[in-house]
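Mind the numbering: the sequence shown is residues 75 to 287 in our numbering, read in order.
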Amino acid sequence: MASYIKNKKVLVLAPHTDDAEFGCGGTITRLLEDGNEVYCAAFSACEQSVLKSFPSDILITEVKAATKKLGIKSANLILFDYEVRTFNFHRQEILDNLIKLRKDIQPDIIFMPSANDIHQDHYTISQEGLRAFKFVTIFCYEMPWNNLTFNTSSFFVLDERHVNLKIEALNEYKSQAHRTYANDEFVRSLARVRGEQVSTKYAESFDIIRWII
75 MASYIKNKKV LVLAPHTDDA EFGCGGTITR LLEDGNEVYC AAFSACEQSV
125 LKSFPSDILI TEVKAATKKL GIKSANLILF DYEVRTFNFH RQEILDNLIK
175 LRKDIQPDII FMPSANDIHQ DHYTISQEGL RAFKFVTIFC YEMPWNNLTF
225 NTSSFFVLDE RHVNLKIEAL NEYKSQAHRT YANDEFVRSL ARVRGEQVST
275 KYAESFDIIR WII
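The following block contains the structure:
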């Protein structure tokens with residue numbers, strides 16, 4: 075499969091620990107295969123909303139296992155500890171974090187939540203991400219359960235192995251298995267729908283904010 079994105083630094087912004095895998099897990103595996111360096115910054119391990127049957131910090135363990143499944147180096151996983159559903163109260167701190175990531179990593183490409191994502195934390199990361207990275211290429215990933223609208227303006231074609239790795243990574247999140255969208259059938263079905271839109275079997279779709287060539 076030919077690719078026009080090679081030898082780039084890619085930074086995925088994940089408001090919560092499983093958002094990168096849900097939003098662009100298949101694309102991450104493809105980008106890594108194509109020789110790109112992928113970083114993931116997750117801003118909350120959602121300790122306040124973890125089910126009582128799990129340790130409150132379980133998502134930290136799970137995100138490390140999940141990103142390893144995708145092929146992301148452990149050194150390229152950056153974790154922050156903001157409390158879930160409070161990001162809007164910490165906009166400046168989050169922007170400062172993003173600017174530091176920009177300086178330290180100097181990414182060529184950003185993946186982040188949609189500007190039409192109605193979750194307050196996702197929306198904050200999208201808005202501050204745009205401020206911090208307005209001079210680089212930005213793709214917004216979809217989360218259908220949070221998106222009132224989503225512009226499918228670009229597609230990354232995936233092979234079966236990319237989808238399987240995405241599913242394997244998401245299966246590491248045992249603490250999130252109760253979510254209605256956290257199952258193999260949903261993940262594979264969405265990839266099939268997006269693939270059908272571009273006459274292939276599987277794909278992930280993104281809204282392009284900026285493409286700098």
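We put the beta carbon where it would ideally sit given N, CA and C, even for glycine. The structure displayed is predicted, hence computed values, not measured ones.
If you reduce the DSSP assignment to three classes, tell me which class residue i lands in.
i: residue 80; result: coil
i: residue 237; result: helix
i: residue 267; result: helix
i: residue 261; result: helix
i: residue 206; result: helix
i: residue 94; result: helix
Rounded to a whole number of angstroms, what is the C-alpha to C-alpha distance between residue i and residue j?
i: residue 229; j: residue 254; result: 25 Å
i: residue 277; j: residue 174; result: 32 Å
i: residue 172; j: residue 274; result: 35 Å
i: residue 75; j: residue 122; result: Any reading at residue 75 needs caution, since the residue's pLDDT is 48, under 50, leaving its predicted position unreliable; the model's value is listed next. Between residue 75 and residue 122, the C-alpha separation is close to 42 Å.
i: residue 134; j: residue 94; result: 14 Å
i: residue 184; j: residue 216; result: 14 Å
i: residue 198; j: residue 92; result: 17 Å
i: residue 99; j: residue 234; result: 13 Å
i: residue 248; j: residue 221; result: 24 Å
i: residue 156; j: residue 167; result: 10 Å
i: residue 81; j: residue 265; result: 25 Å
i: residue 261; j: residue 285; result: 26 Å
i: residue 21; j: residue 258; result: Outside the shown range of the chain, which is 75 to 287, sits residue 21, and nothing can be said about it.
i: residue 223; j: residue 281; result: 11 Å
i: residue 26; j: residue 154; result: Lying before the first or after the last residue shown, residue 26 is absent from the chain, which here runs from 75 to 287.
i: residue 164; j: residue 208; result: 20 Å
What does residue i pair with, by DSSP beta-bridge criteria?
i: residue 278; result: 230
i: residue 214; result: 186 and 281
i: residue 191; result: 221
i: residue 153; result: 116
i: residue 85; result: 113 and 184
Using the Cβ count rule (16 or more neighbours within 10 Å means buried), how would you classify residue i?
i: residue 162; result: exposed
i: residue 125; result: exposed
i: residue 188; result: buried
i: residue 268; result: buried
i: residue 250; result: buried
Against chain B, does residue i count as a neighbour if the rule is that its beta carbon must be under 7 Å from one of theirs?
i: residue 151; result: Of the protein chains in this structure there is only one, and it is not chain B.
Whole runs of the beta strand (DSSP E) within the segment 97–148, excluding any shorter than 3 residues: Segments of the beta strand (DSSP E) lying fully in the segment 97–148: 111–116.
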